[in-house]
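Single-structure report; data block below.
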Amino acid sequence: MLSISWRSILRAIAVISWIASIAWFYFEPGWEPLIAVLTGTAAFIVSFFVSDVHISILTSEKTKSAREERKRQGMLKLVRGVLEQSLPDEVLIELGLEERRDAVLNGQGMELQRPGHPNRQLPPGTKVIDVFDEMGQTLLILGEPGSGKTTLLIELARDTIDRAEEDPNRRIPVVFNLSSWTDAKQSIADWLVDELKTKYYIPKKIAGDWIENDDLLLLLDGLDEVFERRESCVCAINDFRHEHGLTPLVVCCRSEEYETLETRLDLKGAISLQPLTEEQVDEYLDRMGQELAGLRSALTDDPVLYELARTPLMLSIMTLAYQGMSVHDLQPLETVDARRKHIFDNYVERMFKPRTQRTLPDYPETDSIPDRKNNDECFSKEETLHWLSWLAKRMLQYGQSVFLIERMQSDWLTTRVQWWIMAGGVAVTAGALVGLLIGLFVVAVGTLSGQFTLIWLFVGLFAGAIFGVIFGILFGLLDVLFSYDGVIRPVETLRFSWPAMITKAVVLGLLVLLACRLSIINFDLRAMLTLVLPLVLIVAVFAGLIKGEIVTSVAPNEGMRRSAHNAVYAWLLLGLLIGSFLWIFLALNVRVEGLWLLLAMLPVMLLIGLLLGLVFGFPIWLNYGGRACIQHYILRIMLWRNGSAPLNYVRFLDYAAEHVLLRKVGGGYIFMHRLLLEYFASLEPEERGD
Numbered sequence: 001m002l003s004i005s006w007r008s009i010l011r012a013i014a015v016i017s018w019i020a021s022i023a024w025f026y027f028e029p030g031w032e033p034l035i036a037v038l039t040g041t042a043a044f045i046v047s048f049f050v051s052d053v054h055i056s057i058l059t060s061e062k063t064k065s066a067r068e069e070r071k072r073q074g075m076l077k078l079v080r081g082v083l084e085q086s087l088p089d090e091v092l093i094e095l096g097l098e099e100r101r102d103a104v105l106n107g108q109g110m111e112l113q114r115p116g117h118p119n120r121q122l123p124p125g126t127k128v129i130d131v132f133d134e135m136g137q138t139l140l141i142l143g144e145p146g147s148g149k150t151t152l153l154i155e156l157a158r159d160t161i162d163r164a165e166e167d168p169n170r171r172i173p174v175v176f177n178l179s180s181w182t183d184a185k186q187s188i189a190d191w192l193v194d195e196l197k198t199k200y201y202i203p204k205k206i207a208g209d210w211i212e213n214d215d216l217l218l219l220l221d222g223l224d225e226v227f228e229r230r231e232s233c234v235c236a237i238n239d240f241r242h243e244h245g246l247t248p249l250v251v252c253c254r255s256e257e258y259e260t261l262e263t264r265l266d267l268k269g270a271i272s273l274q275p276l277t278e279e280q281v282d283e284y285l286d287r288m289g290q291e292l293a294g295l296r297s298a299l300t301d302d303p304v305l306y307e308l309a310r311t312p313l314m315l316s317i318m319t320l321a322y323q324g325m326s327v328h329d330l331q332p333l334e335t336v337d338a339r340r341k342h343i344f345d346n347y348v349e350r351m352f353k354p355r356t357q358r359t360l361p362d363y364p365e366t367d368s369i370p371d372r373k374n375n376d377e378c379f380s381k382e383e384t385l386h387w388l389s390w391l392a393k394r395m396l397q398y399g400q401s402v403f404l405i406e407r408m409q410s411d412w413l414t415t416r417v418q419w420w421i422m423a424g425g426v427a428v429t430a431g432a433l434v435g436l437l438i439g440l441f442v443v444a445v446g447t448l449s450g451q452f453t454l455i456w457l458f459v460g461l462f463a464g465a466i467f468g469v470i471f472g473i474l475f476g477l478l479d480v481l482f483s484y485d486g487v488i489r490p491v492e493t494l495r496f497s498w499p500a501m502i503t504k505a506v507v508l509g510l511l512v513l514l515a516c517r518l519s520i521i522n523f524d525l526r527a528m529l530t531l532v533l534p535l536v537l538i539v540a541v542f543a544g545l546i547k548g549e550i551v552t553s554v555a556p557n558e559g560m561r562r563s564a565h566n567a568v569y570a571w572l573l574l575g576l577l578i579g580s581f582l583w584i585f586l587a588l589n590v591r592v593e594g595l596w597l598l599l600a601m602l603p604v605m606l607l608i609g610l611l612l613g614l615v616f617g618f619p620i621w622l623n624y625g626g627r628a629c630i631q632h633y634i635l636r637i638m639l640w641r642n643g644s645a646p647l648n649y650v651r652f653l654d655y656a657a658e659h660v661l662l663r664k665v666g667g668g669y670i671f672m673h674r675l676l677l678e679y680f681a682s683l684e685p686e687e688r689g690d
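Per the working numbering, the sequence shown runs over residues 1 to 690.
See the structure below:
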């Protein structure tokens with residue numbers, strides 16, 4: 001299927017018109033070429049107001065169907081791969097379900113609960129996919145913290161993926177987390193397109209078509225994690241339902257948070273996960289053996305402890321936290337919060353014991369972390385608790401469910417003074433690097449000239465110091481006055497845009513020719529070829545480099561490593577361009593005997609170009625990732641100096657994951673459960689900044 005958009009057509013007309021105006025102006029100087037310039041400019045401006053949707057020229061229905069099926073199967077495979085990292089393969093406790101007709105609205109905005117039709121218990125063993133079908137494939141899943149809402153959602157995802165793989169007419173199930181819906185003005189449709197693009201690497205056009213054509217089965221987890229935007233999120237979901245009524249939709253939320261909302265979701269059905277029964281708790285403890293005799297007795301005498309044990313997560317954690325403890329060690333506590341804290345205190349204490357004593361029954365051992373000798377001695381218990389508490393507070397504050405090291409920002413600093421120190425640190429580091437590069441450049445020039453002495457070394461040091469201080473001061477002042485906002489923007493991806501490069505080259509070329517024509521500047525043909533044209537091309541090439549970010553990483557701090565690599569690539573590109581143009585200038589202006597000698601000089605010119613690019617292209621290095629790297633590592637050092645985080649963050653996070661306090665997911669880390677995140681956030685009082 002050949003496709004092109006009206007926007008692309010208009011921009012192609014603009015570029016062709018500009019190129020034609022250059023040729024017209026060159027052969028027939030006058031004001032007539034301005035007609036082509038104006039035509040191209042008008043087409044370029046109009047291109048911003050027309051649709052970017054592709055105009056498709058269909059080849060055959062068979063070819064189109066085959067392509068769509070390849071995309072569909074690829075997406076199903078991708079979603080299944082994400083689910084395999086989410087939860088273990090089996091759920092040990094069967095969850096009871098209750099239909100909640102009072103929790104949702106019908107299509108007319110009225111509650112489904114009616115007199116004489118109370119909530120009903122669903123039969124034991126009822127599969128969530130059967131409930132999903134019975135409720136018209138729009139469903140709300142409610143439950144207490146740790147009751148297994150996400151487990152049930154992923155079970156539904158797996159079952160519907162199995163269906164979709166067997167039947168090409170079934171919709172594609174995709175899991176999303178609502179915690180990333182941070183803009184209350186953004187529609188759910190636009191948010192879904194962004195999530196498909198960033199989390200699943202689906203091109204924006206394909207994602208938009210899937211949403212528009214109701215091709216997806218949407219599984220939305222974590223409505224309770226939207227915090228103060230929860231009411232707006234419910235309204236946005238309802239608006240989406242009114243526009244895409246044929247799209248199957250499932251939403252998960254904690255019961256308490258959902259009950260506080262004034263607006264109800266406009267879905268066809270709702271279920272609530274029921275607490276475990278006494279028989280289920282006894283059966284589970286029987287499987288664990290005699291080491292839980294103390295816990296069994298305590299459950300009989302302590303109603304607060306028993307109430308907590310009625311969720312699968314807390315029961316699993318209790319079996320580990322209280323393993324081998326006598327009933328006398330399990331003193332009764334009066335409140336649920338106090339008992340929950342006691343459980344997590346013991347759980348965390350057990351996690352600091354040797355590995356063989358800290359296997360959580362319902363969670364597999366973390367096998368993605370390489371074994372290290374004496375790893376238990378890497379960090380003290382006090383350091384670990386303090387750093388995890390600080391991290392949990394920041395994640396709750398900024399609504400993060402997954403922690404990515406490269407996503408830390410300067411507003412994680414506690415005081416305004418530290419923020420300004422970081423801004424000054426970027427300027428000082430940039431000035432020091434510029435000074436070092438200039439000093440090395442002066443020394444290199446002295447060495448290449450064959451006259452290297454100590455004088456050249458002192459000259460290089462003096463020049464480097466002077467220029468470094470000047471650059472640092474100017475950079476800091478301009479940065480703070482005009483552009484510094486403290487935001488760290490990694491340059492994780494670089495792609496080359498030919499339209500952007502061509503557009504910039506044409507515009508600059510037209511400006512130069514117009515300046516020549518109006519006698520503002522006067523260049524002969526040789527000067528145009530050796531001076532103006534190289535500058536125009538260098539500017540155009542870097543205008544064609546488009547920066548971007550990836551949200552889903554596969555290794556810790558991958559974003560900063562990519563930013564550093566892209567900064568080096570940009571410097572190498574600039575150096576090679578300068579060296580190439582120096583060689584062209586040499587070939588055109590210096591008489592060299594023999595072609596072989598001219599070719600032999602090419603490596604020398606490229607080396608000189610790299611040196612010049614290293615010194616004078618430092619702003620390029622900063623713009624294409626270097627600045628983000630400087631900001632990031634200054635932030636890391638300041639957090640370390642504050643005692644908020646370790647210096648080697650990756651090693652610490654791997655250590656915490658090995659002790660089953662965190663879990664490694666791709667290049668990020670999550671707490672084993674949100675309850676554990678909230679526990680760590682409550683350990684220490686929040687520090688207050690000035």
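Even for Gly, the Cβ is constructed at its ideal location relative to N, Cα and C.
| query | result |
| --- | --- |
| Would residue 175 and residue 152 qualify as a contact pair, given that the criterion is a beta-carbon distance under 7 Å? | no |
| Nearest to residue 545 by alpha carbon, out of 345, 264, 676 and 574? | 574 |
| Pick helix, strand or coil for residue 41, following the three-state DSSP scheme. | helix |
| By DSSP, does residue 381 sit in helix, in strand, or in coil? | helix |
| When the Cα atoms are used, what is the spatial distance from residue 503 to residue 15? | 6 Å |
| Buried or exposed: where does residue 242 fall if 16 or more other Cβ atoms within 10 Å of its Cβ makes it buried? | exposed |
| Skipping 5 residues on each side, what residues in its chain have a beta carbon closer than 7 Å to that of residue 196? | 202 and 207 |
| For residue 172, which residues in the same chain have their Cβ closer than 8 Å to its Cβ, ignoring the five residues on either side in sequence? | 72, 75, 76, 79, 164, 210, 215, 216 and 217 |
| Do you know whose CA, among 183, 220, 644 and 122, lies nearest residue 139's CA? | 220 |
| Quick one: any contact between the region 420-437 and the region 457-473, if contact means 3 or more CB pairs under 8 Å? | yes |
| Run the CB neighbour count on residue 684, radius 10 Å, all protein chains shown included, and call it buried at 16 or more, exposed below. | exposed |
| Could you tell me the alpha carbon to alpha carbon distance between residue 255 and residue 198, rounded to whole angstroms? | 30 Å |
| Taking the straight line between their C-alpha atoms, what separation do you get for residue 366 and residue 500? | Annotation note: pLDDT 39 at residue 366 (below 50); position unreliable, no value reported. |
| Is residue 103 near residue 338, with beta carbons less than 7 Å apart? | no |
| Output the distance between the C-alpha atoms of residue 555 and residue 668, rounded to the nearest integer angstrom. | 7 Å |
| In whole angstroms, give me the CA-to-CA distance for residue 98 and residue 260. | 20 Å |
| Please go through the region 132-218 and give each complete beta strand (DSSP E) segment of 3 or more residues, from N-terminal end onward. | 138-143 and 172-177 |
| Count the other CB atoms, across all protein chains shown, that sit within 10 Å of the CB of residue 380; report buried if there are 16 or more and exposed otherwise. | exposed |
| Is residue 99 helix, strand or coil when you go by DSSP? | strand |
| Do you know how far the Cα of residue 424 is from the Cα of residue 266? | 52 Å |
| Apart from the five residues just before and just after residue 534, which ones in its own chain have a Cβ nearer than 7 Å to its Cβ? | 581 |
| Quickly, what does DSSP pair residue 220 with across the bridge? List them, please. | 176 and 251 |
| In terms of alpha-carbon separation, which member of 46, 249 and 169 lies closest to residue 156? | 249 |
| Can you say whether residue 431 is buried or exposed, counting buried as having 16 or more other CB atoms within 10 angstroms of its CB? | buried |
| Taking the straight line between their C-alpha atoms, what separation do you get for residue 694 and residue 135? | This structure gives no information on residue 694, because the portion of the chain shown stretches from 1 to 690. |
| Please report the straight-line C-alpha distance between residue 231 and residue 397, rounded to a whole angstrom. | 18 Å |
| Within 10 angstroms of its Cβ, does residue 557 collect 16 or more other Cβ (buried), or is it exposed? | buried |
| Report the CB separation of residue 189 from residue 132 in whole angstroms; it is logged as a contact under 8 Å. | Contact flag wrong, Cβ pair sits at about 22 Å. |
| Could you have a look at residue 398 and say whether DSSP puts it in helix, strand or coil? | coil |
| Tell me which residue opens and which closes the beta strand (DSSP E) that residue 668 is part of. | 668-671 |
| Am I right that residue 283 and residue 323 are in contact with their C-beta atoms under 8 Å? What's the rounded C-beta distance? | Their Cβ separation, rounded to whole angstroms, is 18 Å, which puts residue 283 and residue 323 out of contact at 8 Å. |
| I need the straight-line Cα distance from residue 125 to residue 245, nearest angstrom please. | 30 Å |
| Can you tell me whether residue 287 is helix, strand or coil according to DSSP? | helix |
| For residue 538, which residues of its own chain have a beta-carbon under 6 Å away from its beta-carbon, when the five flanking residues on both sides are left out? | 577 |
| Take the Cβ of residue 264 as the centre, count every other Cβ of all protein chains shown within 10 Å, and call the residue buried at 16 or more, exposed below. | buried |
| Just to check my reading of the structure: residue 330 and residue 298 have Cβ atoms closer than 8 Å, yes? What is that Cβ distance to the nearest angstrom? | 4 Å |
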